[in-house]
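Those protein sequences? They're chains A and B, same order as listed. Numbered per the working numbering, the first sequence spans residues 1 to 48. Numbered per the working numbering, the second sequence spans residues 49 to 476. Written out below as structure tokens is the structure these notes cover.
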Amino acid sequence: STIVLVFEAPKGQRPSFDEGFKGERNGGWRWNVKQGMKVKVGEALGFV
Amino acid sequence: LNSALKNTKIEWKPIPVALGVGFLGLYQFYRIQRREQHTQSNGNESGEGNGRPEKRERIRPSGPWQVQIMSTLPLKALSRLWGRFNELEIPYYLRVPGFKLYSFIFGVNLSEVSEPDLHVYPNLASFFYRTLKPGVRPLDPNPNAILSPADGKIIQFGIIEHGEVEQVKGVTYSLDALLGSVRPKKPTPSITSSESSTDSTHAKVGDEDIIRADEEFAKVNGISYTLPNLFSGPWPKDGQPAEMPTDQSTSSTASSEAEVRADLALSDASRPWWAPASTKTPTALYYCVIYLAPGDYHRFHSPVSWVVESRRHFAGELFSVSPYLQRTLPGLFTLNERVVLLGRWRWGFFSYTPVGATNVGSIKINFDRELRTNSLTTDTAADRAAVEAAARGEPYSGFAEATYEGASRLLGGHALKRGEEMGGFQLG
């Protein structure tokens with residue numbers, strides 16, 4: 001089973017798999033995950 | 049029978065060549081007829097021809113031979129059979145070793161399971177849909193974070209450009225195909241398809257309810273919310289959104305962004321008062337795909353505080369959604385049965401789509417008791433809707449829609465708090 005989230009958020013740093021957690025702090029959306037990473041309920045996928 | 053088998057003489061004779069040629073000729077004739085019928089039914093769907101299709105076209109995805117073989121299998125029937133099988137009661141003394149073996153194979157952490165006595169689970173289906181001990185999944189304290197809705201693995205994430213979602217590198221599918229047509233369509237209290245409306249237990253909030261920003265309001269389902277609490281962040285003063293730094297490099301893509309936003313019916317004029325921040329902030333659409341493995345906790349939760357306005361049920365196929373098939377079957381998420389929940393959060397549009405799979409075809413939404421997934425009745429209703437649409441000369445939308453406007457007239461939908469359990473995937 002799979003869950004797909006599609007959401008609108010303030011424009012932020014485009015996610016880069018190489019950069020991982022190093023997003024620019026431009027006040028927009030920032031990812032907090034990497035591809036293939038295991039997550040659990042309640043952990044942050046990203047933040048504004 | 050024994051003597052007949054022993055004493056009957058078997059004589060082998062060569063099959064005449066003419067018979068073989070005749071067989072091949074008939075087979076070719078059958079293939080040509082099938083192709084013509086297929087073309088004719090496609091013509092009917094686009095308003096041409098006189099005949100009528102009897103049901104929806106079966107999905108024939110392109111892909112390697114494994115996918116082709118899989119597409120010939122009755123996956124939904126198999127899924128239902130699998131569900132029935134897993135509902136069979138396991139003998140009492142086999143439950144603990146059975147569930148422990150399952151946990152060992154699929155990596156279930158039994159110390160997190162709310163029920164320490166595994167005898168309580170009568171079958172695998174109930175163990176699969178287990179709950180967890182309170183406090184084992186703490187919510188991220190950052191109020192501006194989007195939380196993981198489930199235990200799982202991040203398969204893909206990114207930004208949506210030109211309305212396309214990337215499944216794997218270079219393979220994309222359109223947002224329209226995933227979520228259905230996203231043209232402006234104000235939710236109406238009535239149902240647009242054969243499925244009936246939302247949970248009748250929702251409390252209704254009258255027009256006379258007036259709220260202040262710091263006041264508790266909307267006792268929806270017995271839960272009170274404050275506005276900052278509902279939108280998980282500080283409420284803008286005087287209804288004005290907080291100014292965000294503008295990214296100058298994004299101006300070149302402003303027109304395409306505007307198109308996407310227009311497609312999503314999120315033009316500034318149509319924005320309700322409770323999503324004010326997006327009006328002045330440049331926004332983009334993002335997506336994230338989370339895969340739940342068989343051993344994972346299979347209930348899902350709300351990632352943010354948001355309002356669900358409507359749901360669309362696509363009664364598609366039930367291919368496996370394993371990472372292998374996600375890589376090999378393009379547009380997998382647009383083929384499978386799924387429930388698309390559409391709504392709004394603090395920054396604008398928000399959608400949440402649980403996608404079913406062969407082993408877990410049943411999607412449950414806690415606040416929508418009318419929803420039935422992986423059901424023969426729903427499939428029949430979808431077939432009927434497809435035929436009716438074809439008879440009207442219209443394309444079949446592919447989904448049945450219900451709105452949650454009745455849940456709260458004030459919010460225009462069903463309110464969910466961050467971390468709140470929304471539903472789950474069940475076996476079969």
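Quick reminder that beta carbons are idealized off the backbone N, C-alpha and C, glycines included. It should be emphasised that the depicted structure is a prediction, and the values quoted were computed from it without experimental measurement.
Query raised in the report: Cα-Cα, which of B:Pro170, B:His361, B:Glu163 is closest to alanine 225 (chain B)?
Result: Numbered from its first residue, the second sequence carries residue 225 (chain B) at position 177. Considering only alpha carbons, the answer is B:His361.
**Report entry** Inter-stretch contact (C-beta, 8 Å, three-pair minimum) for the stretch 411-431 of chain B and the stretch 367-379 of chain B
**Finding:** no
Report task. Figure out for me which residue from B:Pro402, B:Gly364, B:Phe447, B:Val355 has the closest Cα to the Cα of alanine 455 (chain B). Result -> In the second sequence, counting from the first residue as 1, residue 455 (chain B) sits at position 407. If you compare the alpha carbons of B:Pro402, B:Gly364, B:Phe447, B:Val355 with that of alanine 455 (chain B), the shortest gap goes to B:Val355.
Query - Residues near valine 219 (chain B) by beta carbon distance below 6 Å, same chain, minus five either side - result: Numbered from 1 along the second sequence, position 171 holds the residue referred to as residue 219 (chain B). Sequence-distant partners of valine 219 (chain B) (beyond 5 residues in either direction) whose C-beta falls short of 6 Å from its own C-beta, in its chain, are Pro378.
Query raised in the report: Is isoleucine 202 (chain B) helix, strand or coil by DSSP?
Result: As a working mapping, residue 202 (chain B) is identified with position 154 in the second sequence. Of the three classes helix, strand and coil, the one that applies to isoleucine 202 (chain B) here is strand, per DSSP.
Query raised in the report: Can you pull the DSSP bridge partners for asparagine 384 (chain B)?
Result: Walking along the second sequence from the start, residue 384 (chain B) turns up at place 336. Answer is B:Glu365, bridged to asparagine 384 (chain B).
Report task. Taking a Cβ distance cut-off of 9 Å, strictly less, list which residues of the stretch 198-221 of chain B are near chain E, in chain order. Result -> Considering every chain present, this structure includes no chain E. Its protein chains are A and B.
Query - Run of the alpha helix (DSSP H) containing valine 144 (chain B), from where it starts to where it stops - result: The residue you call residue 144 (chain B) lines up with position 96 of the second sequence. Where valine 144 (chain B) is concerned, the enclosing alpha helix (DSSP H) stretches over 140-154.
Requested in this report: Determine the DSSP secondary structure at isoleucine 208 (chain B), reduced to helix, strand or coil.
Outcome: Here residue 208 (chain B) corresponds to residue number 160 of the second sequence, with the count starting at 1. Annotated three-state conformation of isoleucine 208 (chain B) is strand, per DSSP.
Query - the stretch 135-143 of chain B / the stretch 165-179 of chain B touching (three or more Cβ pairs under 8 Å) - result: yes
Query - First through last residue of the alpha helix (DSSP H) which encompasses tyrosine 372 (chain B) - result: If you number the second sequence from 1, residue 372 (chain B) lands on position 324. From DSSP, the alpha helix (DSSP H) with tyrosine 372 (chain B) extends over 371-376.
Requested in this report: Taking only beta-carbon positions, decide if arginine 480 (chain B) is within less than 8 Å of chain A.
Outcome: Here chain B has residues from 49 to 476 only, and residue 480 (chain B) is not among them.
Query - Cβ-based burial, valine 168 (chain B) [other Cβ within 10 Å; buried from 16] - result: If you number the second sequence from 1, residue 168 (chain B) lands on position 120. With fewer than 16 Cβ atoms within 10 Å of its Cβ, valine 168 (chain B) is classed as exposed.
Query raised in the report: Which one of B:Pro64, B:Gly441, B:Val387 has the shortest CA to CA distance from leucine 366 (chain B)?
Result: One-based indexing of the second sequence puts residue 366 (chain B) at position 318. Among B:Pro64, B:Gly441, B:Val387, the Cα nearest to that of leucine 366 (chain B) is on B:Val387.
**Report entry** Under 8 Å by beta carbon: chain A residues contacting valine 161 (chain B)
**Finding:** Within the second sequence, numbered from 1, the residue matching residue 161 (chain B) stands at position 113. Correct list: empty, because the minimum Cβ distance to chain A is about 14 Å.
Query raised in the report: By DSSP, does valine 213 (chain B) sit in helix, in strand, or in coil?
Result: Translated into positions along the second sequence, residue 213 (chain B) becomes position 165. If DSSP states are grouped into helix, strand and coil, valine 213 (chain B) belongs with the strands.
Requested in this report: Would you give the residue range spanned by the alpha helix (DSSP H) that lysine 412 (chain B) belongs to?
Outcome: Along the second sequence, read from residue 1 onward, the residue named residue 412 (chain B) stands at position 364. Per DSSP, lysine 412 (chain B) belongs to no alpha helix (DSSP H); it is in the beta strand (DSSP E), 410-413.
Query raised in the report: If you compare alpha carbons, which of B:Ala430, B:Phe71, B:Leu373, B:Asn157 is closest to glutamine 116 (chain B)?
Result: Looking up residue 116 (chain B) in the second sequence gives position 68. Of the listed residues, the one whose Cα sits closest to glutamine 116 (chain B) is B:Leu373.
Requested in this report: Taking threonine 331 (chain B) and tryptophan 395 (chain B) to be in contact with their CB atoms under 8 Å, please state how far apart those CB atoms are, rounded to whole angstroms.
Outcome: Along the second sequence, one-based indexing puts residue 331 (chain B) at 283. Along the second sequence, one-based indexing puts residue 395 (chain B) at 347. Confirmed, about 6 Å.
Query raised in the report: Counting pairs of beta carbons, one from the stretch 142-151 of chain B and one from the stretch 111-131 of chain B, are three or more of them closer than 8 Å?
Result: Result no; under three Cβ-Cβ pairs closer than 8 Å.
Query raised in the report: Hey, out of B:Ile413, B:Ala448, B:Pro191, whose CA is closest to alanine 430 (chain B)'s CA?
Result: Position 382 of the second sequence, counting from 1, holds the residue named residue 430 (chain B). Alanine 430 (chain B) has its Cα closest to that of B:Ala448, out of B:Ile413, B:Ala448, B:Pro191.
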